[in-house]
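Novice: To start, I am sharing the structure in question, which I have written as structure tokens.
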Amino acid sequence: MSPRFDLQLDRDRYRPGDSVAGTVLVREGGRSRSLEVQLGYIEETDDYLEVATSISTGHLHKGDLETGASFCFELALPPDALPNVTSSHGQLYWQLDVKSDERGRDSHELRRIEVD
Amino acid sequence: MPRPSVWKQLVTTGRASGTLSLDGLRKKLAKGLEVRVDRPEVCRGEEIEALVVVTEPDRLGELEAGLVCTEHYDEEVHTGSDSGASRMTCKAVEHEAWQPLPSVAGEHSVRLAVPANAPFSYEGSCLSFQWEVVARGRRDRKLDARASQEISVRP
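Each protein sequence line maps, in turn, to chains W and D.
In terms of our numbering, the first sequence has 62 at position 62, counting the first letter as 1, and numbering is strictly consecutive.
Take the position in the second sequence, starting the count at 1, then add 1000; the result is the number in our numbering.
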């Protein structure tokens, strides 16, 4: 069974250079090789998605995940972080990705954050 | 604010099969029309000052100066029944605002505002935004003349 997560953040809006701090709660435990959180600047069109920049916590945990476990993390936005923007055919935005590395398909919990 | 006209065309190189692209033709027609921007960097929410130099007003038609943001975005295109999909870069006007210019020879100074919530200059892998100050001559039932200078819009 794949694990499932809840993501709690310290706030909703951020500025370049801010720290993004939060907690990953394991809502349903399961098999996992490792757990990490990535903060990425995403380019998205209707058909394509590219990660322009990505910052990782490294492994927060290695091995299977138990229901109820929690892991704190903190990632720093670059001082020159670009803001989120939406256009007619695409968008640029910052997104947190809680990623459980598993055999086969990895599990993800994605959360977009507002950067002004 | 009126919504910018949305148009789409494939991004073409300047010359393909010996023919000029539409943009190339518009530039060729812009003899006697020039755009100068001394400080081509501006932040969103600020104004940029440009000089439009007109030397041959009679052949240029109705003159306008404007600020144009073009969005370049990748799209999956299905070209045939068996050939599957291919990746293609398309472009569309994301923002444009124009002001009229007198159709007389001389140097015309214009101030153009960048909206605070517009995209900033960005060159990415599947999405890019390019800003230009543009002068155009609108000619009845003919292709516009077009002169431009690229600028950088910072967040």
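In this text, a Cβ means the ideal position worked out from N, Cα and C, and glycines have one as well.
#1: Consult DSSP for Pro83/W and reduce its assignment to one of helix, strand or coil.
#2: For the stretch 69-89 of chain W and the stretch 47-59 of chain W, state whether three or more C-beta atom pairs, one from each stretch, are separated by less than 8 Å.
#3: Can Val24/W and Asp97/W be called in contact, C-beta distance under 8 Å?
#4: Can you tell me where the alpha helix (DSSP H) with Lys1027/D in it begins and where it stops?
#5: Do we get a CB-CB distance below 8 Å when we pair Gly1080/D with the residues of chain W?
#6: Hey, how far is the Cα of Arg103/W from the Cα of Ala81/W?
#7: Using a threshold of 8 Å, state whether the C-beta atoms of Ser32/W and Asp116/W are closer than that.
#8: Check each candidate in His1078/D, Leu1101/D, Thr1070/D and name the one with the smallest Cα separation from Asp1023/D.
#9: Check Asp1074/D in the structure and name its three-state DSSP category.
#10: I need the straight-line Cα distance from Val1134/D to Thr1089/D, nearest angstrom please.
#11: Is Leu1067/D closer than 8 Å to Val1145/D when the C-beta atoms are compared?
#12: Could you name the residues of the same chain whose beta carbon sits closer than 6 Å to that of Leu35/W, not counting the 5 residues immediately before and after it, in chain order?
#13: Taking all protein chains shown into account, decide if Gly63/W is buried (16 or more other Cβ within 10 angstroms of its Cβ) or exposed.
#14: Just the Cα atoms here: how many angstroms apart are Glu1076/D and Glu1096/D?
#15: If the cut-off is 8 Å on Cβ atoms, which residues from the stretch 28-49 of chain W count as contacting chain D, listed in chain order?
#16: Please confirm whether Val1006/D has its beta-carbon closer than 8 Å to some beta-carbon of chain W.
#17: Would you please verify whether the beta carbon of Leu25/W is less than 8 Å from any beta carbon of chain D?
#18: Which value, in whole angstroms, describes the spacing of the CA atoms of Asp1074/D and Leu49/W?
Specialist: According to the structure data:
#1: Here the question's residue 83/W lines up with position 83 in the first sequence. Looking at Pro83/W - three-state DSSP - the assignment turns out to be coil, as it is neither helix nor strand.
#2: yes
#3: Here residue 24/W refers to the residue found at position 24 of the first sequence. Here residue 97/W refers to the residue found at position 97 of the first sequence. No, the pair does not count as a contact, with Cβ atoms beyond the cut-off.
#4: Start at 1 with the first residue of the second sequence, and residue 1027/D comes out as number 27. Segment 1022-1028, the alpha helix (DSSP H) holding Lys1027/D.
#5: For the purposes of this step, residue 1080/D is taken as residue 80 along the second sequence, with counting starting at 1. Cβ-Cβ to chain W under 8 Å: no for Gly1080/D.
#6: In the first sequence, counting from the first residue as 1, residue 103/W sits at position 103. In the first sequence, counting from the first residue as 1, residue 81/W sits at position 81. So the alpha carbons of these two residues sit roughly 34 Å apart.
#7: Position 32 of the first sequence, counted from the start, is the residue given in the question as residue 32/W. Position 116 of the first sequence, counted from the start, is the residue given in the question as residue 116/W. In this structure, Asp116/W does not lie closer than 8 Å to Ser32/W by Cβ.
#8: Counting from 1 along the second sequence, the entry for residue 1023/D is found at position 23. When each option's Cα is compared against that of Asp1023/D, the closest is Thr1070/D.
#9: Counting from 1 along the second sequence, the entry for residue 1074/D is found at position 74. Here Asp1074/D sits in strand by DSSP.
#10: The count along the second sequence starts at 1 and reaches residue 1134/D at position 134. The count along the second sequence starts at 1 and reaches residue 1089/D at position 89. For Val1134/D and Thr1089/D, the distance between alpha carbons rounds to 22 Å.
#11: As a working mapping, residue 1145/D is identified with position 145 in the second sequence. As a working mapping, residue 1067/D is identified with position 67 in the second sequence. The question names Val, yet the displayed sequence has Ala at residue 1145/D. No.
#12: Mapped onto the first sequence, residue 35/W falls at position 35. Leu60, His61, Ser100.
#13: One-based indexing of the first sequence puts residue 63/W at position 63. So Gly63/W counts as exposed.
#14: Translated into positions along the second sequence, residue 1076/D becomes position 76. Translated into positions along the second sequence, residue 1096/D becomes position 96. Distance between the alpha carbons of Glu1076/D and Glu1096/D: 26 Å.
#15: Those would be Glu43, Glu44, Thr45, Asp46, Asp47, Tyr48, Leu49, in chain order.
#16: Taking the second sequence and counting its residues from 1, the one referred to as residue 1006/D is at position 6. Only weak support is given to the placement of Val1006/D: the predicted model assigns it a pLDDT of 37, under 50, and the question is left unresolved by the model.
#17: By 1-based counting over the first sequence, the position of residue 25/W is 25. False, the Cβ-Cβ gap to chain D never drops below 8 Å.
#18: Your numbering for residue 1074/D matches position 74 in the second sequence. Your numbering for residue 49/W matches position 49 in the first sequence. Approximately 10 Å, taken between the alpha carbons.
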